[in-house]
Structures are given as C-alpha cells and as structure tokens.
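Residue numbers (this note's numbering): 78 to 213. All residues carry an ideal CB built from backbone N, CA and C; glycine is no exception. Quick notes on the structure that follows.
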Amino acid sequence: MSARSKARKRALDVLYESEVRGLPVGGTLADRVADNDPPVNEFTVALVEGVAKHIDVIDELLETHSVGWSLDRMPAVDRNILRIGSYELLFDDQVPDVVAVSEAVTLARDLSTDESPAFVNGLLARLLQLKPTLGI
Numbered sequence: 078m079s080a081r082s083k084a085r086k087r088a089l090d091v092l093y094e095s096e097v098r099g100l101p102v103g104g105t106l107a108d109r110v111a112d113n114d115p116p117v118n119e120f121t122v123a124l125v126e127g128v129a130k131h132i133d134v135i136d137e138l139l140e141t142h143s144v145g146w147s148l149d150r151m152p153a154v155d156r157n158i159l160r161i162g163s164y165e166l167l168f169d170d171q172v173p174d175v176v177a178v179s180e181a182v183t184l185a186r187d188l189s190t191d192e193s194p195a196f197v198n199g200l201l202a203r204l205l206q207l208k209p210t211l212g213i
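Written as structure tokens, this is what we have:
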C-alpha cells in the first residue's frame with residue numbers, strides 16, 4: 078500500500094471516529110496528531126481539513142446525486158469514503174481524477190460491504206461527469 082493510500086485510510090479513520098463520537102467533521106484530528114500512534118502525516122491532515130472545509134458542498138452533492146440513498150442512510154464508512162473521494166475529485170488539483178475515484182473504490186472494497194465499491198464508483202463517476210458544470 079502506497080504512502081498516500083495509507084494516508085487516505087488514516088483520514089477515513091479520523092473522519093469515521095469523529096462521526097461516531099458525535100463530533101464535528103474531523104473533530105478528532107488534533108487528538109490523533111498529538112497521539113501520533115499511528116502517525117498522522119501531512120496528506121492525512123490536508124484531506125481531513127479539506128473535507129471539513131468543504132463539507133456542506135460535498136454533502137449536498139452526495140445527497141443530490143446518490144440515487145435511492147440519502148446521506149443519513151448510507152453506511153458511515155461509505156459516507157466518509159465518498160467525502161474523501163469527492164474532496165480529492167473536486168477540490169484537490171494535485172490528485173488526478175482517476176486516482177481519486179480508484180482510491181475511494183479500493184477503500185470501499187477493503188473496508189465496507191460487497192455492494193459499496195460499485196456504489197462509490199458510480200456516485201463519484203457521476204460527480205466527475207458533472208465536474209465541469211459545477212463551478213467549483
């Protein structure tokens with residue numbers, strides 16, 4: 078697993094933990110950075126902070142374009158994988174679009190349900206298709 082893939086997994090851990098604990102998006106980041114066990118690298122911090130900064134837009138897009146699934150109804154792991162993938166896809170010019178989608182699908186395959194990879198791929202592919210018209 079590449080260093081960036083590990084950083085994405087760590088960002089997912091932070092986002093998931095924050096949600097489970099009822100904290101704001103990324104609310105456990107400072108604690109995880111202070112603990113540094115396992116280490117939290119700069120890319121993880123950038124992902125969590127980026128998702129937190131753009132959470133309203135990201136969640137609105139996910140809610141609007143997911144067919145048959147409200148954001149609240151999605152498994153928490155999938156929801157946070159989609160948030161990371163959406164952030165990278167729409168707001169991080171350093172990550173190629175195909176990599177953002179591929180990494181999100183891999184996280185879903187490794188950490189969620191059998192149906193999750195197809196769901197994550199389909200929703201992020203839809204956002205990629207709409208990206209030129211979103212004005213972001």
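CA-to-CA distance, residue j to residue i, given in whole angstroms
i, j, result
"H142", "V91", "25 Å"
"S82", "E180", "7 Å"
"D108", "P115", "12 Å"
"R160", "D112", "24 Å"
"L207", "L201", "10 Å"
"T190", "R156", "12 Å"
"E119", "L100", "22 Å"
"E165", "V172", "6 Å"
Per-residue DSSP class, three states only, for residue i
i, result
"N157", "helix"
"P194", "helix"
"T105", "coil"
"S163", "helix"
"I213", "coil"
"S237", "What the structure shows of the chain is the stretch from 78 to 213, and residue 237 is not part of that stretch, so it cannot be assessed."
"R98", "coil"
Option in the options with minimal Cα separation from residue i
i, options, result
"A123", "P115, I135, T190, L106", "L106"
"T183", "T121, V134, I158, Q171", "I158"
"E192", "D169, V154, I132", "V154"
"L89", "T210, L188, V134", "L188"
"K86", "G212, A185, E137, P152", "A185"
For residue j and residue i, believed in contact at Cβ under 8 Å, the rounded distance
i, j, result
"D199", "V178", "A quick correction: the sequence has Gly, not Asp, at residue 199. The Cβ separation is near 10 Å, so there is no contact."
"D174", "L205", "6 Å"
"G127", "F168", "6 Å"
Check: residue i C-beta below 6 Å from any heavy atom of the ligand COA
i, result
"G145", "Absent from the structure shown: the ligand COA. Ligands present: none."
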